[in-house]
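A.B. asks: I have a structure here, written as structure tokens, and I will follow up with some questions on it.
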Ligand code: FES
Ligand SMILES: [Fe+2]
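Residue numbers (this note's numbering): 59 to 534.
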């Protein structure tokens with residue numbers, strides 16, 4: 059670690075630990091107020107016990123997750139705009155299960171087990187558009203409702219009731235433009251499962267976005283290791299040190315973003331957690347160098363030569379930058395953002411839905427993360443990044459991007475569509491194999507968590523235990 063790392067010297071706030079400026083103290087000064095959900099605080103003291111390390115690499119634990127999590131929870135498969143027409147489909151693979159999500163002949167979205175009723179062949183892969191599903195092995199065909207419609211040499215199958223052969227259906231539902239499935243026929247409704255999520259996010263108009271970017275990579279770590287690397291800000295000052303703190307004020311917008319110190323963390327058990335990272339205020343590590351609102355504005359615009367911006371009387375840096383972004387983003391996406399809150403135009407906010415889905419709802423940081431085991435391997439996972447950009451006011455949008463799978467050694471920054479996120483994620487990614495290796499080598503055999511800054515990881519594990527061992531297992 060560089061020796062000249064700035065000292066941490068902010069006033070404690072939450073549980074004598076969290077520094078000012080505090081998120082909820084800043085929102086009232088915004089020119090355009092945030093959606094009501096962001097004004098909530100929902101966290102409390104949680105259990106402090108260590109998390110066993112073996113749950114990140116043990117095959118036995120992985121098998122329990124398959125049976126009690128992957129086969130029991132609602133999971134995002136794709137976006138609605140990816141399957142606009144009858145016959146458009148996406149395959150969602152989770153460990154050894156495989157599901158076809160399709161726009162059926164009636165325009166509804168349906169989901170079926172992706173396994174031929176003859177000898178079990180996986181019928182389709184990836185995504186595409188078909189008039190019918192035709193198994194590539196012997197040619198059994200199924201219509202878009204999953205019913206068997208033809209099979210060669212039907213005379214030889216007189217022992218089967220061909221008219222009734224139907225691909226098993228899988229529970230499917232949609233919310234905010236996302237298509238979810240649940241492999242458990244007895245599952246609760248998606249609405250029930252989502253908890254506070256719709257209340258908090260409906261104002262963000264996420265159903266009026268399209269998937270502009272979809273990049274993925276198989277990474278050498280358990281899926282939870284990868285996910286947990288992105289749901290806390292505690293690692294930012296170390297893992298992203300160069301980007302956020304060194305050479306920072308003039309060079310990096312992250313220097314005028316509160317991505318490392320006073321981040322607000324909340325949870326709504328069992329399925330939803332959140333992190334609010336505000337922009338337009340200095341990192342707690344360098345706030346002594348950005349003492350005025352104008353200094354923050356100057357730092358922000360120093361990386362945009364030609365833009366000279368002066369604050370109006372009483373205007374905050376947050377509101378000025380938000381207004382600037384409203385114009386820039388509105389123009390580039392042909393959308394009227396005049397009513398969008400400052401928070402939507404400047405902040406980085408994440409909501410995670412158990413088990414593996416994180417959505418960033420603001421317009422300026424419109425990411426989605428999804429994490430899954432890579433097949434049946436607890437030591438490798440598929441890490442996906444989507445970006446959901448606004449659909450233009452005239453309803454048009456470019457064709458959604460189909461998944462681009464990176465090689466293991468390929469940098470995220472090699473994908474221009476990821477913009478500034480690519481280099482940042484390239485700083486996170488090398489941690490993955492180190493964590494996985496260290497967890498296996500650990501003599502402590504356990505992970506310790508920060509009480510507040512890592513409370514989303516704590517809640518995740520509480521919920522994981524609830525699914526694996528029943529509701530009484532989870533500390534409140
Ligand atoms: S396995 Fe599908 S047609 Fe034979
Ligand atoms: Fe990171």
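Backbone N, C-alpha and C fix where the C-beta goes; we use that ideal spot for every residue, glycine too. Being a predicted model, the structure only gives us computed values, none of them experimental.
Out of 341, 436, 180, state which residue places its alpha-carbon closest to the alpha-carbon of residue 124.
C.D. replies: Ranking 341, 436, 180 by Cα distance to residue 124 puts 436 first.
A.B. asks: State the Cα-Cα distance for the pair residue 332 and residue 508, rounded to the nearest angstrom.
C.D. replies: Each residue's Cα considered, the two are about 16 Å apart.
A.B. asks: As a quick exercise: from 93, 418, 383, pick the residue whose alpha carbon is nearest that of residue 267.
C.D. replies: Minimum Cα distance to residue 267 is reached at 418.
A.B. asks: Check whether the Cβ atoms of residue 491 and residue 278 sit closer than 8 Å, and answer yes or no.
C.D. replies: In contact: residue 491 and residue 278 (Cβ atoms closer than 8 Å).
A.B. asks: From the DSSP output, read off the bridge partner residues of residue 536.
C.D. replies: Nothing can be reported for residue 536, as the shown portion of the chain is limited to 59 through 534.
A.B. asks: Take residue 168 and list the residues in its own chain whose beta-carbon comes closer than 6 Å to its own, dropping the five residues that flank it on each side.
C.D. replies: Cβ within range, chain order: 160, 162.
A.B. asks: Rounded to the nearest angstrom, how far is the Cβ of residue 152 from that of residue 115, given a contact under 8 Å?
C.D. replies: The Cβ separation is near 19 Å, so there is no contact.
A.B. asks: Can the beta-carbon of residue 290 be found closer than 8 Å to that of residue 512?
C.D. replies: Yes.
A.B. asks: Could you tell me the distance, in whole angstroms, from the CA atom of residue 325 to the CA atom of residue 100?
C.D. replies: In a straight line, the C-alpha of residue 325 is about 6 Å away from that of residue 100.
A.B. asks: With three or more beta-carbon pairs closer than 8 Å as the criterion, would you say the region 468-483 touches the region 76-92?
C.D. replies: Taking 8 Å as the limit for Cβ pairs, the verdict is that the region 76-92 does not touch the region 468-483.
A.B. asks: So does residue 298 have its beta carbon nearer than 7 Å to some heavy atom of ligand 2?
C.D. replies: For ligand 2, at least one heavy atom lies less than 7 Å from the Cβ of residue 298.
A.B. asks: Just verifying my parser: in three-state terms, what is the DSSP assignment at residue 236?
C.D. replies: The answer is strand: DSSP assigns residue 236 an E or B state.
A.B. asks: In the DSSP assignment, the alpha helix (DSSP H) including residue 481 goes from what residue to what residue?
C.D. replies: First-last of the alpha helix (DSSP H) with residue 481: 479-486.
A.B. asks: By Cβ distance below 6 Å, which residues in the same chain neighbour residue 234 in space, the five residues on each side in sequence not counted?
C.D. replies: Cβ within range, chain order: 264, 265.
A.B. asks: Taking residue 403 as the reference, which of 411, 273, 382, 493 has the closest Cα?
C.D. replies: Of 411, 273, 382, 493, the residue nearest in Cα terms is 382.
A.B. asks: On the three-state DSSP scale, how would you describe residue 353?
C.D. replies: DSSP places residue 353 in helix when its eight states are reduced to three.
A.B. asks: So for residue 106, helix, strand or coil by DSSP?
C.D. replies: Note: residue 106 maps to coil in three-state DSSP.
A.B. asks: How many angstroms separate the CA atom of residue 185 from the CA atom of residue 320?
C.D. replies: Between residue 185 and residue 320, the C-alpha separation is close to 42 Å.
A.B. asks: Using three-state DSSP, classify residue 262 as helix, strand or coil.
C.D. replies: Of the three classes helix, strand and coil, the one that applies to residue 262 here is helix, per DSSP.
A.B. asks: Please write down, chain order preserved, every residue whose beta carbon lies under 5 Å from a heavy atom of ligand 1.
C.D. replies: Answer in sequence order: 174, 176, 177, 179, 193, 195, 196, 198.
A.B. asks: According to DSSP, which residues form a beta bridge with residue 439?
C.D. replies: For residue 439, which the question treats as bridged, DSSP gives the partners 277, 431.
A.B. asks: Using 8 Å as the cut-off, can you tell me whether the region 392-408 makes contact with the region 91-105, which would need three or more C-beta pairs spanning the two stretches below that distance?
C.D. replies: Yes: the two stretches touch, three or more of their Cβ pairs being nearer than 8 Å.
A.B. asks: Report the residue from 515, 523, 433 whose alpha carbon sits nearest the alpha carbon of residue 150.
C.D. replies: With distances taken between Cα atoms, residue 150 lies closest to 433.
A.B. asks: Output yes or no for whether 8 Å exceeds the beta carbon distance between residue 334 and residue 257.
C.D. replies: No, the Cβ-Cβ distance between residue 334 and residue 257 is not below 8 Å.
A.B. asks: In angstroms, rounded to a whole number, what distance separates the CA positions of residue 352 and residue 385?
C.D. replies: If I take the Cα positions, the gap works out to 20 Å.
A.B. asks: Starting from residue 616, trace the alpha helix (DSSP H) in both directions and tell me its first and last residue.
C.D. replies: Past the edges of the chain, shown from 59 to 534, lies residue 616, and the structure says nothing about it.
A.B. asks: May I ask which residues mark the beginning and end of the alpha helix (DSSP H) holding residue 119?
C.D. replies: 117-123 is the span of the alpha helix (DSSP H), which, as asked, contains residue 119.
A.B. asks: Given the structure, does residue 271 come close to ligand 4, in the sense that its CB is under 7 Å from one of the ligand's heavy atoms?
C.D. replies: With respect to small molecules bound, the structure shown includes ligand 1 and ligand 2 and not ligand 4.
A.B. asks: Alpha carbon to alpha carbon, how far is residue 449 from residue 457?
C.D. replies: If I take the Cα positions, the gap works out to 11 Å.
A.B. asks: Just to confirm, are residue 212 and residue 516 a CB contact at a threshold of 8 Å?
C.D. replies: No, Cβ-Cβ distance for residue 212 and residue 516 is not below 8 Å.
A.B. asks: Name the residue from 474, 135, 412 whose alpha carbon lies nearest to the alpha carbon of residue 286.
C.D. replies: The candidate whose alpha carbon is nearest that of residue 286 is 412.
A.B. asks: Taking 7 Å as the cut-off, does the CB of residue 518 come closer than this to any heavy atom belonging to ligand 2?
C.D. replies: No, since every heavy atom of ligand 2 falls outside the 7 Å radius drawn around the Cβ of residue 518.
A.B. asks: Rounded to whole angstroms, what's the CA-CA distance from residue 172 to residue 86? Just pull it up for me.
C.D. replies: Near 51 Å, if we compare the C-alpha coordinates of residue 86 and residue 172.
A.B. asks: When burial is assigned at 16 or more other CB atoms within 10 Å of the CB, is residue 529 buried or exposed?
C.D. replies: Exposed is the call here.
A.B. asks: Which of the three DSSP states is assigned to residue 129 in this structure?
C.D. replies: Three-state DSSP puts residue 129 in coil, outside helix and strand.
A.B. asks: Please determine if the region 186-194 and the region 133-147 are in contact, where contact requires at least 3 C-beta pairs separated by less than 8 Å.
C.D. replies: Taking 8 Å as the limit for Cβ pairs, the verdict is that the region 133-147 does touch the region 186-194.
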